[in-house]
Amino acid sequence: MEALYPLIILLPLLGSAIIGLVGFSSEGFRKQEGLIGSIGTFAVAIPFFLLLFARFAFDGEPIDIQLFTWMEAGNLSISFNYRLDELSFLMGMIVTGVGSLIHMYSIGYMHGDSGYYKFFAYLNLFIFAMLNLILSDNMAVMFLGWEGVGVCSYLLIGFWFQDMAKAKAAQKAFIANRIGDFAFLVAMFMIFTELTATGETTALTFTEILDHAWGDKAYWICLLLFIAATGKSAQIPLFVWLPDAMAGPTPVSALIHAATMVTSGIYMIARLSGLYLAAPEVLTIIVVVAALTSVMAAFIAVAQNDIKGVLAYSTVSQLGFMFMALGAGAFTTAIFHVMTHAFFKACLFLGSGSVIHAMEHMHTVKDPQDIRTMGGLRKYMPSTSKTFWISTLAISGIPLLSGFFSKDEILSSVFFQGYSNSLYFVVYAVAFITAALTAFYMTRVTFLTFNGKERFPQEKHPHESPAIMTIPLWILAILAVVGGYVGIPALLGHPLHILHVLNDLWLAHDGGETGLVANSTAMIENMHHHHSMEYILLPLSAALAIFMVWFTFNFYKKNDLAGDEKVAKFFGPLYPAMQGKFYIDELYNRIFIHPFVWIGDHVIVWFDKNVVDGIVNGTGTFITNVGDVFKRLQTGLVSNYVVLISLGVVAILAYLIFG
Amino acid sequence: MEFLTPNTYSYLTVALIMFTLGAIGVMTRRNGIVVFMCIELMLNAVNLSLVTFSRMHNDANGSMLVFFVMCVAAAEAVVGLAVIIALFRNKLDIDINNVNIFKW
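Read top to bottom, the protein sequences are chains A and B.
Position 187, counted from 1, in the first sequence is what the numbering used here calls 191; the numbers after and before it change by one each time, with no gaps.
Position 4, counted from 1, in the second sequence is what the numbering used here calls 5; the numbers after and before it change by one each time, with no gaps.
Below, the structure written as structure tokens:
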């Protein structure tokens, strides 16, 4: 069975190659939608079951999968080695599990699209890259996956590339990610330089990195890696690409922009948690950036009318929550929220896809994503409506659903850090407001979509999506309900507590340094000292969520769409700014893009025309002129050449004899 | 009359004289056909020395090489004469000093 483990990584690549290459060359294959969809789905589902099997057979000792050496140069020797431990098992199962459900959903969603085979080839390639990112045992292969998911997200966001806006969104995502990738590279070079300073050979494995004593260098490396994470995981200042990325097909939004790629920054920091604990200043920076991102995105989400737009900003906000947990040193909590968020946010995105699908098929509204044209869909789309409501309640933090457990863990871990550094109390307050806003905007968007008055023309009505799309919705909705039970708060002393499972295994088998380190020591101490606080915090956040959902539901039930005007009045002058997304895109345009365009139009053009062209043309002219001088040597007279040849022969002979 | 007895040096001396005559001819004569004949002379001088060395070292390789040189010489004569005839047809002249048309 162990011999099959490499298939976990190779099957998605194989699937992508088969679908892509055969589809590219064969017209007949392209029309076999069912076949293409099945290959794509199974190429992801089989790795999921392999991972599941490996997880059950797992005895706590990390499993190494060694394929081959990738590059060897000087002190560097990088191999395609993969490592299965608690962290990569969990991430791997999220990626392949949620991934295969989304593949299945796409069979229905992409039905009839002209690029059907391309879509599945890209999706499988994405899963391959993502698995490289999370299963790799060294930085270099992780970077390969890191870049790979960037490329795939570019391909998938710009999937409908005939539309200029979508092509531009793809470019924006790619470029914003590249900025982060640059920081990742610099950090990786710093790690390499430091590890080889003693002349030893390095494979850049995480074990090596975490075993090393980093001292002051940890600060810069961690900071650079965090910048890389802000690119992938959409935090300030590089979050602007994620809302635009909604231009891609909805399954892509669900897979990449909710469940997998955007969490890779969180995964990377969790993987290097030992390094981050050596740089507590960076953790403080992370928590501040995360809190700002989270609350800003939540404010924006309140004022959006595009169903996917709300979800996109909600994702940015939830990623902020995860980073807050990282910043508080509660790495396992962050991963826990990654998991629950993958369930309910994927379900929400797929649900929105189902809605958009139905609205598009009516051909009556201009913008099938605008919630102002929906309303009352509950009657026509029962499955979508129910699963969407379940996920909304989960993300809002209603007790006993998955989102409640993970979000509460984050809030309390931030709170307990406050005892050591009072800044964290402020962050806790911000997170508390954000949680309230989350419950508000999620209930709002769900209510306006599925409940209330029907705002579309009455003569036509939308239809529920086919079973191939609703089955994944139900599975994800069920997971959104029960997914949290692996992480029941510690105070209940539940044996399945995911934090303990993760911590125990990582700690026990990696000496506490190489794997994911437990919630940082200070926080654990605080937790023990102020244990009773958790009894206050838990009901507080539960009450907040229940109140906000109840309040919002009744508010919009009474006012319907007019409720938005009251909200606008409540926020006053802030509301237009929220609708305009705080004008951050415009700000970036003014500060970064316009100056560059200006420099390009004026300085670079001049430089190109004069300096570059001058050098190129000058070289040509110079060669021609030199040739003009030496061509005079050619007389065309045979006897002249003969004399020269003879003299040459004599000279050579003279050299051979006398020289 | 020992110096009249042919030995290795005599053959080489003849080859030397033939080669020199040929080289001077190629350099000084202006008639294309004579230039060709002079080239043949040089080639034959080389052939003679090859055969001589072949005998001297008791090695057949030199003699073998002579056949190759003859083949190449024949081929060269064919092409060269064809060129000269073509030139004559166009210019009614085979003075090689007047055919410097291949210069820049």
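Using N, Cα and C, we set each Cβ at its ideal position, and we do this for glycine too.
Judged by pairs of C-beta atoms under 8 Å, the region 123–137 of chain A touches the region 9–20 of chain A, as three or more such pairs exist.
The beta-carbon separation of A:Val320 and A:Ile270, rounded to 13 Å, does not stay under the 8 Å limit for a contact. Against chain A, the beta carbon of B:Lys104 has neighbours under 9 Å at Lys635, Gln638, Thr639, Gly640, Leu641, listed in chain order. Counting only Cβ-Cβ distances below 7 Å, B:Val27 has contacts in chain A at Val646, in chain order. By a beta-carbon distance limit of 8 Å, A:Val485 contacts A:Ile394. Their separation comes to about 6 Å.
With contacts defined as CB atoms closer than 8 Å, A:Tyr423 and A:His534 qualify as a contacting pair. Residue burial is scored here from C-beta neighbours: A:Val630 has fewer than 16 other C-beta atoms within 10 angstroms and is therefore classed as exposed. In the three-state reduction of the DSSP assignment, A:Asn142 falls in the strand class. Looking at the DSSP output, A:Asp564 shares a beta bridge with no other residue. The secondary-structure analysis by DSSP pairs A:Leu80 across a beta bridge with A:Ala77, A:Thr206. Exclusion of the five residues before and after A:Ala174 leaves Tyr158, Ile161, Gly162 as the residues of its chain whose Cβ lies within less than 7 Å of its Cβ.
In the DSSP annotation of this structure, the continuous segment of the alpha helix (DSSP H) that includes A:Asp248 starts and ends at 245–248. Distance between A:Gly24 and A:Gly38, taken at the CA atoms: about 15 Å. The count of Cβ pairs closer than 8 Å, one atom from the region 453–473 of chain A and one from the region 379–392 of chain A, reaches three, so the stretches are in contact.
Collapsing the DSSP output to three states places A:Tyr423 in coil. Among the bridge pairs identified by DSSP, A:Leu129 is matched with none.
Chain-ordered, the chain A residues with CB closer than 9 Å to the CB of B:Asn98 read Leu641, Val642, Ser643. Residue pairing of A:Gln70 in beta bridges, as defined by DSSP: A:Asn85. Near chain A, meaning a CB-to-CB distance below 8 Å, the residues of the region 33–65 of chain B are Val36.
Chain-ordered listing is empty here: chain A has no CB closer than 8 Å to the CB of B:Asn8, the nearest sitting near 23 Å. With the rule of 3 Cβ pairs closer than 8 Å, the region 308–324 of chain A counts as touching the region 235–251 of chain A.
At least 8 Å separates the beta-carbon of A:Phe84 from that of A:Val26.
The beta-carbon of B:Asn91 is placed no less than 8 Å from the nearest beta-carbon of chain A.
One Cα belongs to A:Glu212, the other to A:Met366, and the distance between them is close to 58 Å.
Residue A:Phe46 holds the alpha-carbon nearest to the alpha-carbon of A:Val102 among A:Thr73, A:Phe46, A:Ala61, A:Glu76. For A:Ala282 and A:Cys226, the gap between their C-alpha atoms comes out near 9 Å. Put simply, the region 11–19 of chain B does not touch the region 28–37 of chain B. Fewer than three CB pairs are less than 8 Å apart. Rounded to the nearest angstrom, the gap between the Cα atoms of A:Arg182 and A:Ala258 is 22 Å. Distance from the CA of A:Asp412 to the CA of A:His598, rounded to the nearest whole angstrom, comes to 43 Å. At a beta-carbon threshold of 9 Å, the residues of chain B lying near A:Ser650 are Ala24, Val27, Met28, ordered along the chain.
Approximately 5 Å separates the beta-carbon atoms of A:Met75 and A:Ile82; this is inside 8 Å, confirming the contact.
Taking one beta carbon from each stretch, the region 148–158 of chain A and the region 193–208 of chain A have fewer than 3 pairs nearer than 8 Å; the two do not touch.
Beyond the five residues adjoining it in sequence on each side, B:Leu88 comes within less than 8 Å, by CB distance, of Gly33, Asp94, Ile95, Val100 in the same chain, given in chain order. Here the C-alpha atom of A:Gly604 lies approximately 40 Å from the C-alpha atom of A:Tyr280.
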